[in-house]
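Counting from 367, one number per residue, gives the positions in the sequence shown under the numbering used here. Contents: one structure, followed by commentary.
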Amino acid sequence: MKMDYGILIPCYIDAWHEVKAAEEAGFTHAWFADSQLIYSDVWATMALAAQNTSTIKLGTLVGIPSNRLAPVTAAAAATINKIAPGRVIVGLGTGYTGRNTMGLPALTMNQFAEYAAQVKGLLAGEDVLFREGQRERWIRLIHSKSNSGRDEFFNIEDPIPVMLAANGPRGQKIVGEISDGWITTSRSATGVPQGLPRINESATAAGNSFDHAGGYGTKPYVTVLTPACVLRDGETFESERVIRNVGPALIPGVHAMWEGAYGPGSNLGMANPDLAGMYDQYIREYGDRKSPPTPDDRRYLDVHEGHYVYLKEGEEQFVSSEVMASTLTGTGEQINKKLDELEAVGVNNVAMAAVTRQAASELIADFSEQVIQKR
């Protein structure tokens, strides 16, 4: 099937302008990050995008279970599905940015699986078992058409796929058991082919079909999240515009390494002691220059300042050309070649991260001209 093109939009409340531009430029999906301390509210932003577009699909990438109860997430998605019938996707993850900016680690896989199953069940019109501490109660979207005949509040008649983010084997097993699609940050030639058999095996054992996501049969709909920038004439990975547009999407990896060695969000599995140590020295000096200096118990707040939006002064030293080369950053011809490789291993959608309004505008225009119109 033809590759779908998505753009991950920073959640500023009037991002609908860029989403509309992306729709007109040939993008099929707009994705929105759920990170409550650095962005506008994800569902409010999506609602305005839904109101001002007509064909582009709109999804969270990714919603964080601890940010809201499962029935709240289901109600939000079903509400926006009233505005944009059949165009809403719920992407869920265990939480990186949305958790680490609060000094918290990602949720456990068991918490993640329970939450995802609740959201999916509610959106399917089912009764699901909800737990609050020691209490267990059955819940449903009561005033939906399928449950009470009313249709002014929710739309769950037009399917809302639930897609799960996972990179490791345990998470991929949950993807197979519960989801309609797989979201991953793996951009290597081996990552997706290694994960798909695990997901398919798990799906078969659980009796889960992926038809809900678009008729892919035994294969999940696969979305790869990646930074992206189309190089213009004379530009390289070291060019100022490229670092400004891509660097803030790469530096969270270094933030995660620091968290693993020094911070409270320590279960992300991204160990690099040497780089973490260098960043720790940098962030301590950064915080010490402030007035008043940053106390140790709030060091992580300095770490995540600028997270996925801009580079702090001096942070560009941690932006690696080697890592940038693994993204969809390159000339139009180079990006087209990478897309062919991703498509060949089973990727259906590339969710290209833009870090600011300006970066989004540039990526939409350049990618449309140099890639979409030439494929």
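Note that the Cβ used here is the ideal one computed from N, Cα and C, for glycine as well.
Just checking my contact of residue i with residue j at CB under 8 Å: how many whole Å lie between their CB atoms?
i, j, result
"Gln757", "Ala442", "A query on residue 757 cannot be resolved here, the shown segment of the chain reaching from 367 to 741 and no further."
"Thr589", "Ile549", "5 Å"
"Gln314", "Gly680", "A question about residue 314 goes unanswered here, because the residues of the chain that appear run from 367 up to 741."
"Tyr481", "Asp546", "15 Å between Cβ atoms; not a contact."
"Phe520", "Thr445", "6 Å"
"Leu507", "Ile522", "6 Å"
"Gly464", "Gln402", "6 Å"
"Val428", "Asp400", "7 Å"
"Leu729", "Ile373", "7 Å"
"Asn466", "His670", "6 Å"
"Arg646", "Tyr628", "Checking the sequence shown, residue 646 turns out to be Asp, not Arg. Contact flag correct, Cβ pair sits at about 5 Å."
Which residues mark the beginning and the end of the beta strand (DSSP E) in which residue i is found?
i, result
"Met412", "Run containing Met412: none in the beta strand (DSSP E); it sits in the alpha helix (DSSP H), 408 to 417."
"Pro593", "587 to 596"
"Glu498", "494 to 498"
"Gly557", "Careful: Gly557 lies outside any beta strand (DSSP E), inside the alpha helix (DSSP H) at 557 to 572."
"Gly457", "454 to 458"
What is the DSSP secondary structure of residue i, counted as helix, strand or coil?
i, result
"Tyr371", "strand"
"Arg503", "strand"
"Ile430", "coil"
"Asn471", "With the sequence shown as reference, residue 471 is identified as Pro, and Asn is not the correct amino acid for it. Of the three classes helix, strand and coil, the one that applies to Pro471 here is coil, per DSSP."
"His395", "strand"
"Ala442", "helix"
"Ala717", "strand"
"Gly680", "coil"
"Lys511", "helix"
"Ile544", "helix"
"Lys423", "strand"
"Leu489", "helix"
"Ile649", "helix"
"Leu641", "helix"
"Ile549", "strand"
Check for me: the alpha helix (DSSP H) holding residue i runs from which residue to which?
i, result
"Leu530", "First-last for Leu530: 528 to 531, but that is the beta strand (DSSP E), not the alpha helix (DSSP H)."
"Ala637", "Counting along the chain, Ala637 falls outside any alpha helix (DSSP H), and DSSP gives it neither H nor E."
"Leu705", "698 to 710"
"Leu667", "665 to 669"
"Phe733", "723 to 736"
"Asn466", "463 to 466"
"His621", "606 to 628"
"Ser687", "687 to 690"
> Can you find at least 3 beta carbon pairs, one from the segment 476 to 492 and one from the segment 407 to 417, that sit closer than 8 Å?
Replying inline: no
> Per the contact definition of three or more C-beta pairs closer than 8 Å, is the segment 369 to 380 in contact with the segment 400 to 407?
Replying inline: yes
>> Under 8 Å, with one C-beta from each stretch per pair, do the segment 632 to 646 and the segment 614 to 624 reach the 3-pair mark?
In response: yes
> Within the chosen definition, does the segment 714 to 728 reach the segment 560 to 572 through at least 3 CB pairs nearer than 8 Å?
Replying inline: no
>> With three or more C-beta pairs closer than 8 Å as the rule, is the segment 703 to 718 touching the segment 535 to 542?
In response: no
>> For the pair the segment 688 to 695 and the segment 658 to 665, tell me if three or more CB-CB distances fall below 8 Å.
In response: no
>> Pairs of beta-carbons, one from the segment 383 to 402 and one from the segment 418 to 427, closer than 8 Å: are there three or more?
In response: yes
> Any contact of the segment 610 to 619 with the segment 683 to 693, i.e. 3+ C-beta pairs under 8 Å?
Replying inline: yes
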